[in-house]
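*Asks:* Structure below; questions to follow.
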Amino acid sequence: LADRLTGTESNVWVEFGSLAAEYKALNLGQGFPDFFPPNFVTDALHSVASNKENPFLHQYTRSYGHPRLVNALAQIYSKIFNRPIDAQSEILVTVGAYESLFCAHKGFVNPGDEVIIFEPFFDCYEPMVLQAGGIPRFVPLRSTKPAGELTSTADWTFSREELTNQFNEKTKMIIVNNPNNPLGKVFTREELEFIGDLCKKHDVLILADEVYERLVYPGKEYVRIANLPDLWDRTVTIGSAGKTFSVTGWKLGWSVGPSHLIKALCTVHQNSVYTCPTPMQEAAALGFERELSLAEGSEDSYFWQIPRELVPKKEKIMKMLLEIDMVPVEPQAGYFIVADISKTGFKVDPKNSESKDYQFVKWMCRNKKLSAIPNSAFYTSEHKKLAENLVRFCFIKEDSTLDRAANIFHEWR
Ligand code: PMP
Ligand code: GLN
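Just add 6 to the spot in the sequence shown (first one is 1) and you have the UniProt record's numbering.
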């Protein structure tokens, strides 16, 4: 391995994905729906494949994004950001949101630069900073209520002092994952303003990972950090077709931001991936065009439906977790729920050097045939203790799948 890969060898998705497969466990680990995507999405892909008029839909397309998709994204994001988004220079289409994250790290971070990350964080942020030669700095989100008590992610916040102390002349970028994976926290306007003010003061870039943007539950205010005054010029916002249309296997994502920042990402992309699959981009464009054709707030819109479908699933999983004394942290968005296992009576094996949450999930997978993700995977080594009693479950599943999980919990009791 090249030296810069040191410390980034293990991967929680690889490890727990194969464990779930090995034990044929009910998989509430990695986040993906187990139901068919909406018809208009699968029909779009089908229509692309069966279009005999246009052979070019099966050939390479424009490097920075297929024209039809960047045009659709420009329309969507012009509304979101309340400014005309230029399809040619302010958008880059990537292989999933992952590649956008990768291009941003490679495109902005110089050796020795510091990047601030809130914990818990989507696990790849830390290795991406390290592989770019940067130094990650962490700021934990903490519950303002006692551990083990039923809380909402609205109770989880960062210390203003800890965040302020992490900014210095070496700080290049801060990653703001809103809504947050794994907590499902939606940052408040006031929290985002505080972050934004520090970024302006220290001239720091903002990487806004907003892949769960369409999954904010009804009634919750959702503020985009790029929309706060004077932050557009320093912010790149990332989205994902996988999360937007419930097609994680399409692996299509994008970055939106001012052209001077998007250019850096394009430079990485054109020399690594070069261009993304054309059929997927055409189909995603059709999906967005369909959503754009519907009136604002239409109940036929998938963007209206999907968060509303998640709410009863969230209620269902909370109820079943409480039944076996796993105390959940109620999310405000997304399809993950974090639960505290300290009251379950699970005892660690003192001969095993792994953290309690890792031991618990492996035990549950082997003995209960149910898999989840240990939450310490979303913390840096020195802070893993903060998550030793926490595990994450994914609940974007058929009700019958959730019922099977409920049965497992019921028999466990
Ligand atoms: N960011 C976050 C916070 C995520 O949860 C995911 C899901 N894998 C990604 C980025 C990557 O998304 P994609 O599947 O589009 O690469
Ligand atoms: N975002 C999903 C999750 O957090 C998928 C992770 C992945 O693709 N590696 O489970």
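Cβ coordinates follow ideal geometry from the N, Cα and C atoms, glycine included.
1. Counting only the same chain and skipping the five closest in sequence on each side, list residues whose C-beta sits under 6 angstroms from that of PHE46.
2. Can you round the beta-carbon distance between GLU175 and PHE144 to whole angstroms, since I take them to be within the 8 angstroms contact cut?
3. In chain order, what residues place their C-beta within less than 6 angstroms of a heavy atom belonging to the ligand GLN?
4. Once DSSP output is grouped into helix, strand and coil, what is the label at LYS178?
5. Would you mind giving the Cβ-Cβ distance between PHE415 and ILE330, rounded to the nearest angstrom? I have them listed as a contact below 8 angstroms.
6. Can you tell me the Cα-Cα spacing of THR177 and PHE114, whole angstroms?
7. Is VAL253 buried or exposed, if buried means 16 or more other CB atoms sit within 10 Å of its CB?
8. Contact between the stretch 66-75 and the stretch 315-323: three or more CB pairs below 8 angstroms?
9. Within 10 angstroms of the Cβ of GLY259, are there 16 or more other Cβ atoms? Answer buried if so, exposed if not.
10. Mark ASN183 as exposed unless 16 or more other C-beta atoms lie within 10 angstroms of its C-beta, in which case mark it buried.
11. Given that a residue counts as buried once 16 or more other Cβ atoms are within 10 Å of its Cβ, and exposed if not, what is PHE22?
12. For ARG220, count neighbouring Cβ atoms within 10 angstroms of its own Cβ and tell me buried if that reaches 16, exposed if not.
13. Would TRP162 pass as a contact of LEU198 if the rule is Cβ separation under 8 angstroms?
14. At which residues does the alpha helix (DSSP H) containing LYS110 begin and terminate?
15. So who's on the other strand from ASN33, going by DSSP bridges?
16. What's the gap between the Cα of GLY13 and the Cα of ASP363?
17. Answer yes or no: do CYS109 and HIS275 have a C-beta to C-beta separation smaller than 8 angstroms?
18. Starting from LEU396, trace the beta strand (DSSP E) in both directions and tell me its first and last residue.
19. Are there 16 or more other CB atoms within 10 angstroms of the CB of GLY351, so buried, or fewer, so exposed?
20. Give the single residue among ALA345, LEU25, GLU132 whose Cα lies nearest to the Cα of LEU11.
21. For LYS207, tell me which candidate among ASN171, LEU147, GLN365, PRO117 has the shortest Cα-Cα distance.
22. Please work out which residues of its chain come closer than 6 angstroms, Cβ to Cβ, to ILE402, disregarding the five sequence neighbours upstream and downstream, and give them in chain order.
23. Assuming the contact rule is C-beta atoms closer than 8 angstroms, LEU204 and LEU169 should be a hit. Round their C-beta distance to whole Å, please.
24. Could you give the first and the last residue of the continuous beta strand (DSSP E) run that contains TRP260?
25. For SER307, collect the residues of the same chain with a Cβ closer than 7 angstroms to its Cβ; drop the 5 residues on either side in sequence, then sort them by chain order.
26. Would you tell me roughly how many angstroms separate the C-alpha atoms of SER24 and ASN88, rounded to the nearest one?
27. In angstroms, rounded to a whole number, what distance separates the CA positions of residue 426 and VAL397?
28. Could you name the residues that DSSP lists as bridge partners for ARG148?
29. Note down, in chain order, each residue of its chain lying with its Cβ closer than 8 angstroms to the Cβ of VAL279, except the 5 sequence neighbours on either side.
30. Return the residue from the list TRP310, ALA289, ARG74 that minimises the CA-CA distance to VAL222.
31. Just the C-alpha distance for LEU79 and PRO334, rounded to the nearest angstrom, thanks.
32. Compute every distance between the C-beta of TYR385 and the non-hydrogen atoms of the ligand PMP, then say whether any falls below 7 angstroms.
33. Just checking TYR257 against the ligand PMP - is the residue's beta carbon closer than 7 angstroms to any of the ligand's heavy atoms?
34. Could you compute how far the alpha carbon of TRP369 sits from the alpha carbon of LYS375?
35. Figure out for me which residue from LEU34, VAL192, ILE97 has the closest Cα to the Cα of PRO73.
36. State the start and end residues of the unbroken beta strand (DSSP E) segment that holds ALA214.
*Replies:* Looking at the atomic coordinates:
1. As a first step, residue 46 is located in the sequence shown; it is residue number 40 there, counting from the start. Excluding positions up to five away in sequence, the list reads ARG296.
2. Position 169 of the sequence shown, counting from 1, holds the residue named residue 175. Position 138 of the sequence shown, counting from 1, holds the residue named residue 144. Actually they are not in contact, since the Cβ atoms of GLU175 and PHE144 sit about 19 angstroms apart, beyond 8 angstroms.
3. Neighbourhood of the ligand GLN, defined by CB distance below 6 angstroms to any of its heavy atoms: TRP19, GLN36, GLY37, ASN187, in chain order.
4. Residue numbering aside, residue 178 sits at position 172 when the sequence shown is read from its first letter. In the structure shown, LYS178 sits in a strand (DSSP, three-state: E or B).
5. As a working mapping, residue 415 is identified with position 409 in the sequence shown. As a working mapping, residue 330 is identified with position 324 in the sequence shown. Sure, about 5 angstroms apart at Cβ, within 8 angstroms.
6. Start at 1 with the first residue of the sequence shown, and residue 177 comes out as number 171. Start at 1 with the first residue of the sequence shown, and residue 114 comes out as number 108. Rounded to whole angstroms, THR177 to PHE114 spans 11 angstroms at the Cα level.
7. What you label residue 253 is simply residue 247 of the sequence shown in a count that begins at 1. VAL253 comes out buried.
8. No, the stretch 66-75 is not in contact with the stretch 315-323.
9. The count along the sequence shown starts at 1 and reaches residue 259 at position 253. Taking all protein chains shown into account, GLY259 has 16 or more neighbouring C-beta atoms within 10 Å of its C-beta and is therefore buried.
10. Here residue 183 refers to the residue found at position 177 when the sequence shown is read from its first residue. Counting every other CB atom within 10 Å of its CB across the protein chains shown gives ASN183 a total of 16 or more, marking it as buried.
11. Mapped onto the sequence shown, residue 22 falls at position 16. Around the Cβ of PHE22, a 10 Å sphere holds 16 or more other Cβ atoms; the residue is buried.
12. Translated into positions along the sequence shown, residue 220 becomes position 214. Result: buried.
13. Locating residue 162 in the sequence shown gives position 156, where the first residue counts as 1. Locating residue 198 in the sequence shown gives position 192, where the first residue counts as 1. No, the pair does not count as a contact, with Cβ atoms beyond the cut-off.
14. Numbered from its first residue, the sequence shown carries residue 110 at position 104. This sequence places Ala at residue 110; Lys is not what is there. Secondary structure note for ALA110: its alpha helix (DSSP H) is the uninterrupted segment 102-114.
15. As a working mapping, residue 33 is identified with position 27 in the sequence shown. DSSP output for ASN33 lists SER377 as bridge partner(s).
16. For the purposes of this step, residue 13 is taken as the residue at position 7 of the sequence shown. For the purposes of this step, residue 363 is taken as the residue at position 357 of the sequence shown. Put simply, the backbone Cα of GLY13 is about 20 angstroms away from that of ASP363.
17. Within the sequence shown, residue 109 is the residue found at index 103, counting from 1. Within the sequence shown, residue 275 is the residue found at index 269, counting from 1. Yes.
18. Counting from 1 along the sequence shown, the entry for residue 396 is found at position 390. According to the DSSP assignment, LEU396 belongs to the beta strand (DSSP E) that extends over 396-400.
19. Reading the sequence shown from its first residue, position 345 is the one you call residue 351. In summary, GLY351 is exposed, with fewer than 16 beta-carbon neighbours lying within 10 Å of its beta-carbon over all protein chains present.
20. Locating residue 11 in the sequence shown gives position 5, where the first residue counts as 1. A check of alpha carbon separations from LEU11 across ALA345, LEU25, GLU132 identifies GLU132 as the nearest.
21. Here residue 207 is taken as the residue at index 201 of the sequence shown, counted from 1. Among ASN171, LEU147, GLN365, PRO117, the Cα nearest to that of LYS207 is on ASN171.
22. The count along the sequence shown starts at 1 and reaches residue 402 at position 396. Excluding positions up to five away in sequence, the list reads PRO39, TYR341.
23. Counting from one through the sequence shown, the residue named residue 204 turns up at place 198. Counting from one through the sequence shown, the residue named residue 169 turns up at place 163. At roughly 7 angstroms, the Cβ-Cβ gap stays under 8 angstroms, so LEU204 and LEU169 are in contact.
24. As a working note, residue 260 is residue 254 in the sequence shown. Taken as a continuous stretch (DSSP letters only), the beta strand (DSSP E) holding TRP260 covers 259-262.
25. Position 301 of the sequence shown, counted from the first residue, corresponds to residue 307. If we look at SER307 and ignore the five residues flanking it on each side, its Cβ neighbours are GLU297, LEU300.
26. Counted from its first residue, the sequence shown places residue 24 at position 18. Counted from its first residue, the sequence shown places residue 88 at position 82. The straight-line gap separating the alpha-carbon atoms of SER24 and ASN88 is approximately 44 angstroms.
27. Only positions 7 to 419 of the chain appear in this structure, which leaves residue 426 out of reach.
28. As a first step, residue 148 must be located in the sequence shown, where it is residue number 142. Looking at the DSSP assignment, ARG148 forms a beta bridge with THR163.
29. Here residue 279 corresponds to residue number 273 of the sequence shown, with the count starting at 1. Taken in chain order, the residues that qualify are THR100, VAL101, GLU105.
30. In the sequence shown, the residue the question calls residue 222 occupies position 216. When each option's Cα is compared against that of VAL222, the closest is TRP310.
31. As a first step, residue 79 is located in the sequence shown; it is residue number 73 there, counting from the start. As a first step, residue 334 is located in the sequence shown; it is residue number 328 there, counting from the start. Take the alpha-carbon of LEU79 and the one of PRO334: they are about 36 angstroms apart.
32. If you number the sequence shown from 1, residue 385 lands on position 379. Result no, Cβ not under 7 angstroms from the ligand PMP.
33. Counting from one through the sequence shown, the residue named residue 257 turns up at place 251. First, the residue type needs correcting, since residue 257 is Lys and not Tyr in the sequence shown. Within the cutoff, so yes.
34. Taking the sequence shown and counting its residues from 1, the one referred to as residue 369 is at position 363. Taking the sequence shown and counting its residues from 1, the one referred to as residue 375 is at position 369. Spanning the two alpha carbons is a distance of roughly 9 angstroms.
35. The residue labelled residue 73 in the question sits at position 67 within the sequence shown. Cα-wise, what sits closest to PRO73 is ILE97.
36. If you number the sequence shown from 1, residue 214 lands on position 208. Counted as a single uninterrupted DSSP element, the beta strand (DSSP E) harbouring ALA214 occupies residues 211-215.
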